[in-house]
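What follows is a set of notes on a single structure, which appears directly below.
2 protein chains.
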Amino acid sequence: MSLLVVGTVAFDAIETPFGKTDKILGGAATYIGLAASYFTKNINLVSVVGGDFPSENISMLNRHHINTNGLQIKKDQKTFFWAGKYHNDMNSRDTLITELNVLETFDPIVPDEYQDCEFLMLGNLSPQVQLQVLAQLKNRPKLIVLDTMNFWMDIALDDLKKIISKVDVLTVNDGEARQLSGEYSLVKAAQKILAMGPKYLIIKKGEHGALLFNEEQVFYAPALPLEEVFDPTGAGDSFAGGFIGYLAHTKDISFDNMKRAIIFGSATASFCVEKFGTENLVGLTQNQVDERVQEFIDLVQFDISLV
Amino acid sequence: MSLLVVGTVAFDAIETPFGKTDKILGGAATYIGLAASYFTKNINLVSVVGGDFPSENISMLNRHHINTNGLQIKKDQKTFFWAGKYHNDMNSRDTLITELNVLETFDPIVPDEYQDCEFLMLGNLSPQVQLQVLAQLKNRPKLIVLDTMNFWMDIALDDLKKIISKVDVLTVNDGEARQLSGEYSLVKAAQKILAMGPKYLIIKKGEHGALLFNEEQVFYAPALPLEEVFDPTGAGDSFAGGFIGYLAHTKDISFDNMKRAIIFGSATASFCVEKFGTENLVGLTQNQVDERVQEFIDLVQFDISLV
Chain L
12 MSLLVVGTVA FDAIETPFGK TDKILGGAAT YIGLAASYFT KNINLVSVVG
62 GDFPSENISM LNRHHINTNG LQIKKDQKTF FWAGKYHNDM NSRDTLITEL
112 NVLETFDPIV PDEYQDCEFL MLGNLSPQVQ LQVLAQLKNR PKLIVLDTMN
162 FWMDIALDDL KKIISKVDVL TVNDGEARQL SGEYSLVKAA QKILAMGPKY
212 LIIKKGEHGA LLFNEEQVFY APALPLEEVF DPTGAGDSFA GGFIGYLAHT
262 KDISFDNMKR AIIFGSATAS FCVEKFGTEN LVGLTQNQVD ERVQEFIDLV
312 QFDISLV
Chain X
12 MSLLVVGTVA FDAIETPFGK TDKILGGAAT YIGLAASYFT KNINLVSVVG
62 GDFPSENISM LNRHHINTNG LQIKKDQKTF FWAGKYHNDM NSRDTLITEL
112 NVLETFDPIV PDEYQDCEFL MLGNLSPQVQ LQVLAQLKNR PKLIVLDTMN
162 FWMDIALDDL KKIISKVDVL TVNDGEARQL SGEYSLVKAA QKILAMGPKY
212 LIIKKGEHGA LLFNEEQVFY APALPLEEVF DPTGAGDSFA GGFIGYLAHT
262 KDISFDNMKR AIIFGSATAS FCVEKFGTEN LVGLTQNQVD ERVQEFIDLV
312 QFDISLV
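Heads up: the protein sequence lines correspond to chains L and X, in order. All residue numbers for the first sequence refer to my numbering, where the first residue is 12 and numbers rise by one. All residue numbers for the second sequence refer to my numbering, where the first residue is 12 and numbers rise by one.
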């Protein structure tokens, strides 16, 4: 049994108030896979890169228990490239360059050896590609988590609604939840989105934490107040990776265990933003992760007896 | 021993996407007093109104255990009046009218019978008036909580820093914490503000909850996701009132008890925003308050064992 991660593997060039990078490793599936690797050791990747993608990056993913046999390498093409610049508040950003390259013709292929997939994480990608992946799976996974963004709501809403109707958990940010539902109140937005099919909705609020909804319950996890947020790129993906990695490890998809998974996801994301790109997600120790989770516990713990 | 509340008692005219009011009862001290009344029964008010202030409002405050002997009534003047309009996101607003009226010449007088004050809540007012109140107290209260806003940072920063240096707890919103400290990171902002004198800082983040800092610890309390936020006016004041009301009731000013006080403050504020003005803060039952607090507990409770 394994975790299948589908999403982009990319180059990013990032500018924040704290500095600027050349092309560095990025992509939703990269962040998801690295984050999940701290919780589960059986991760399969479906993605695509070009001939310009360094083999060291692939070795690094493999060292993090990520099987790259499903990573297509298009020798004569170039890897997907995104460049962006964050504003001073780090909550908003401008896209400077988007070169789709290999993504333009990406035809995902799920290798036979991945068919035992019990947990499926569909990282942010065209809903069309996400649907193609799902169609190739002979058995429905125990849990399907979908991440998406406003871009697909703008240009591919019908396909997006199709894939949303087929998954168990949808993760979007607060602005996207509002856009998708047409409701400003997140409680009402959640009701409308859950009516589209998913049993669970996670609304990511960045520095303000994350909300988990099902039809009857709601859970609010804070975000750790950090001294420096160096680079928010990949925070949402790291969150999703930690979330599904923890679920895949524990094999328990109850609401109570999802609450725990959100804390582990938040802890993983908090590492991500402390350095540029994936730098801080490579080679963490179990001890570091546990200490960070303990900080979350301490941050929100209070003791009230009403009786 | 008692709780002394100093602040405005006012008329507000409020416009939100959900409707519009004529002149209704408002003012920081009104919200603070009403909120605190659900936790402590010995509340003394220092404020000022004009001859146009209805005696029914005063009776209503008295029914909520608020002693109004320190409420000056200037027969030939008018009560402070504020009119504002909230934007669609309910997080920002425009001030349409500010008529200072009685506030223009407000000379606060602390009656002798208020001198046993153990807990002092300085609601949002001119720092000059806040300093005058403090100077009249023969004994320093056990705990002084100060609420203020960006307006005073703009026009009276020196006096504001003077009063900040004399209090135990400062409450501001996130934008104000950033303005006062010159730091974007709330962790760094908290360090700088605590260096100005207060032992505790509460950063109010509206729908995103509230943070409590002292020099070593931090606590993050969520806000209840609400189906409707009808009118945010007075939310911060209700929060502060519930906070200090709970502390005055329990007489325990440890960090752990302040965490509880923040949950009770948040619960009280969540009632406030569900209707216009003070409407929903009048005549709540203990049961309603307890149920709301239980919702907060359920909202954030999770159970992780790292051992």
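We put the CB at the ideal spot given by N, CA and C, even for glycine.
* Return no unless some Cβ of chain L is closer than 8 Å to the Cβ of X/PHE313. => For this step, residue 313 of chain X is matched to residue 302 along the second sequence. Chain L, which has a Cβ nearer than 8 Å to the Cβ of X/PHE313, makes this yes.
* Cβ pair X/THR19, X/ALA47 closer than 8 Å -> Along the second sequence, read from residue 1 onward, the residue named residue 19 of chain X stands at position 8. Along the second sequence, read from residue 1 onward, the residue named residue 47 of chain X stands at position 36. No. Outside cutoff.
* From the beta carbon of X/LEU98, is the nearest beta carbon of chain L less than 8 Å away? -> Numbered from its first residue, the second sequence carries residue 98 of chain X at position 87. Here residue 98 of chain X turns out to be His, not Leu, going by the sequence shown. Not closer than 8 Å to any Cβ of chain L, the Cβ of X/HIS98 fails to qualify, so no.
* Asked: At a Cβ threshold of 8 Å, is L/ASP301 touching chain X?
  -> Position 290 of the first sequence, counted from the first residue, corresponds to residue 301 of chain L. Yes, L/ASP301 counts as interfacial toward chain X.
* Asked: At least one CB of chain L closer than 8 Å to the CB of X/PRO236: is that the case?
  -> Along the second sequence, one-based indexing puts residue 236 of chain X at 225. Among the CB atoms of chain L, one or more fall inside 8 Å of the CB of X/PRO236.
* Using 8 Å as the Cβ pair cut-off and three pairs as the minimum, do the stretch 242 to 253 of chain L and the stretch 222 to 231 of chain L touch? -> Touching, no, given that fewer than three Cβ pairs across the two stretches are closer than 8 Å.
* To do: Could you please give the first and the last residue of the uninterrupted beta strand (DSSP E) stretch that includes X/ALA94?
  => Position 83 of the second sequence, counting from 1, holds the residue named residue 94 of chain X. Segment 92 to 97, the beta strand (DSSP E) holding X/ALA94.
* **Where L/LYS216 meets chain X, residues with beta-carbon distance less than 8 Å** => Within the first sequence, the letter at position 205 stands for residue 216 of chain L. Result: HIS219.
* With distances taken Cα to Cα, identify the nearest neighbour of L/LEU111 among L/GLU129, L/ASP100, L/GLN88, L/TYR125. => Here residue 111 of chain L corresponds to residue number 100 of the first sequence, with the count starting at 1. The shortest Cα separation from L/LEU111 among L/GLU129, L/ASP100, L/GLN88, L/TYR125 belongs to L/GLN88.
* Opening and closing residue of the alpha helix (DSSP H) in which X/ARG74 lies -> For the purposes of this step, residue 74 of chain X is identified with residue 63 of the second sequence, where counting begins at 1. Boundaries of the alpha helix (DSSP H) harbouring X/ARG74: 66 to 74, taken from the DSSP string.
* Given that L/ARG104 touches chain X, what residues does it touch there, using C-beta distances under 9 Å? -> Within the first sequence, numbered from 1, the residue matching residue 104 of chain L stands at position 93. Simply none; closest approach about 15 Å.
* Would you identify the three-state DSSP class for X/ILE174, choosing helix, strand or coil? => If you number the second sequence from 1, residue 174 of chain X lands on position 163. Taken through DSSP and simplified to helix, strand or coil, X/ILE174 comes out as helix.
* Asked: the stretch 185 to 198 of chain X: which residues have C-beta closer than 9 Å to a C-beta of chain L, in chain order?
  -> Of all residues in the stretch 185 to 198 of chain X, TYR195, SER196, LEU197, VAL198 have a Cβ within less than 9 Å of some Cβ in chain L.
* **Given 8 Å, three or more beta-carbon pairs between the stretch 26 to 38 of chain X and the stretch 285 to 296 of chain X** => Contact between the stretch 26 to 38 of chain X and the stretch 285 to 296 of chain X is present, because at least three Cβ pairs lie under 8 Å.
* Asked: Could you give the uninterrupted runs of the beta strand (DSSP E) lying entirely in the stretch 187 to 261 of chain L, keeping only those of 3 residues or more?
  -> Whole beta strand (DSSP E) segments, 3+ residues: 211 to 215, 221 to 224, 229 to 232.
* With C-beta atoms as the reference, is X/LEU131 less than 8 Å away from X/ILE264? -> Stepping through the second sequence from its first residue, residue 131 of chain X is reached at position 120. Stepping through the second sequence from its first residue, residue 264 of chain X is reached at position 253. Taking a C-beta distance under 8 Å as the contact criterion, X/LEU131 and X/ILE264 do not qualify as a contact pair.
* Asked: L/ASP270 touches chain X at which residues, Cβ-Cβ below 7 Å?
  -> Here residue 270 of chain L corresponds to residue number 259 of the first sequence, with the count starting at 1. Per the sequence shown, residue 270 of chain L should be read as Lys rather than Asp. Those within 7 Å of L/LYS270 in chain X are PHE313.
* Note down, in chain order, all residues in the stretch 233 to 265 of chain X with a beta-carbon under 9 Å from any beta-carbon belonging to chain L. => With the criterion set as a beta carbon lying under 9 Å from some beta carbon of chain L, the members of the stretch 233 to 265 of chain X are PRO233, ALA234, LEU235, PRO236, LEU237, GLU238, GLU239, VAL240, in sequence order.
* Listing by chain order, which chain L residues have their CB less than 9 Å from the CB of X/LEU223? -> In the second sequence, the residue the question calls residue 223 of chain X occupies position 212. Within 9 Å Cβ-Cβ: nothing; X/LEU223 doesn't reach chain L, min ~10 Å.
* Find the nearest neighbour of X/GLN141 within the set X/ILE174, X/THR109, X/ASP185, judged by alpha-carbon distance. => Position 130 of the second sequence, counted from the first residue, corresponds to residue 141 of chain X. The candidate whose alpha carbon is nearest that of X/GLN141 is X/ILE174.
* Asked: Below 8 Å between beta carbons: does that hold for X/PHE241 and X/THR27?
  -> Translated into positions along the second sequence, residue 241 of chain X becomes position 230. Translated into positions along the second sequence, residue 27 of chain X becomes position 16. Yes; because the gap between Cβ atoms is below 8 Å, this pair is in contact.
* Residues of chain X with CB under 8 Å from L/ILE25, in chain order? -> As a working mapping, residue 25 of chain L is identified with position 14 in the first sequence. Those do not exist, as L/ILE25 stays about 18 Å from chain X at its closest Cβ, beyond 8 Å.
* Asked: Which of the three DSSP states, helix, strand or coil, is assigned to L/THR27?
  -> Here the question's residue 27 of chain L lines up with position 16 in the first sequence. For L/THR27, the three-state secondary structure derived from DSSP is strand.
* Asked: Using a beta-carbon distance below 8 Å, is X/ILE175 in contact with chain L?
  -> In the second sequence, the residue the question calls residue 175 of chain X occupies position 164. No, because no Cβ of chain L sits closer than 8 Å to the Cβ of X/ILE175.
* To do: Compare the C-beta of L/GLN83 with all C-beta atoms of chain X and state if any pair is closer than 8 Å.
  => Stepping through the first sequence from its first residue, residue 83 of chain L is reached at position 72. Taking Cβ atoms only, chain X never reaches closer than 8 Å to L/GLN83, which makes this a no.
* Under 6 Å Cβ to Cβ from L/THR311, same chain only, skipping five residues before and after it: list those, please. => Translated into the one-based positions of the first sequence, residue 311 of chain L becomes position 300. Here residue 311 of chain L is Val; the residue named in the question, Thr, does not match the sequence. So the qualifying residues of the chain are PRO233.
* CB of L/VAL300 within 8 Å of CB of L/TYR97, strictly -> Walking along the first sequence from the start, residue 300 of chain L turns up at place 289. Walking along the first sequence from the start, residue 97 of chain L turns up at place 86. With respect to the 8 Å criterion, L/VAL300 and L/TYR97 are not classified as neighbours on the basis of their beta carbons.
* To do: For the alpha helix (DSSP H) containing X/ARG11, list its first residue and its last residue.
  => Residue 11 of chain X is absent from the model: chain X starts at 12 and stops at 318.
* Taking only runs that begin and end inside the stretch 289 to 317 of chain L, name each unbroken alpha helix (DSSP H) of 4 or more residues, in chain order. => Listed in chain order, the alpha helix (DSSP H) runs fully inside the stretch 289 to 317 of chain L are 297 to 311, counting runs of at least 4 residues.
* Who are the near neighbours of X/LEU295 in its chain, counting only those whose CB is closer than 7 Å to its CB and skipping five residues on each side? -> The residue you call residue 295 of chain X lines up with position 284 of the second sequence. So the qualifying residues of the chain are TYR49, PHE282.
* chain C partners of X/LEU317, CB-CB under 7 Å? -> Absent from the structure: chain C. Protein chains present are L and X.
* Asked: If you draw a straight line from the C-alpha of L/PHE313 to the C-alpha of X/ARG303, how long is it?
  -> Walking along the first sequence from the start, residue 313 of chain L turns up at place 302. Walking along the second sequence from the start, residue 303 of chain X turns up at place 292. Spanning the two alpha carbons is a distance of roughly 16 Å.
* To do: Decide if the stretch 271 to 279 of chain L is in contact with the stretch 60 to 70 of chain L; the criterion is three or more beta carbon pairs, one per stretch, under 8 Å apart.
  => In this structure the stretch 271 to 279 of chain L does not touch the stretch 60 to 70 of chain L; the number of beta carbon pairs closer than 8 Å is below three.
* **Between the CA atoms of X/LYS52 and X/LEU235 - distance to the nearest angstrom** => Working through the second sequence from its first residue, we reach residue 235 of chain X at position 224. Working through the second sequence from its first residue, we reach residue 52 of chain X at position 41. Roughly 26 Å between the two C-alpha positions.
* Asked: So is X/PRO209 buried or exposed if we call it buried at 16+ other beta carbons inside 10 Å?
  -> The residue labelled residue 209 of chain X in the question sits at position 198 within the second sequence. A residue is called buried once 16 or more other Cβ atoms fall within 10 Å of its Cβ, and X/PRO209 is buried on that count.
* **N-terminal and C-terminal residue of the beta strand (DSSP E) that X/LEU45 is part of** => If you number the second sequence from 1, residue 45 of chain X lands on position 34. For X/LEU45, no beta strand (DSSP E) encloses it; the enclosing alpha helix (DSSP H) starts and ends at 39 to 47.
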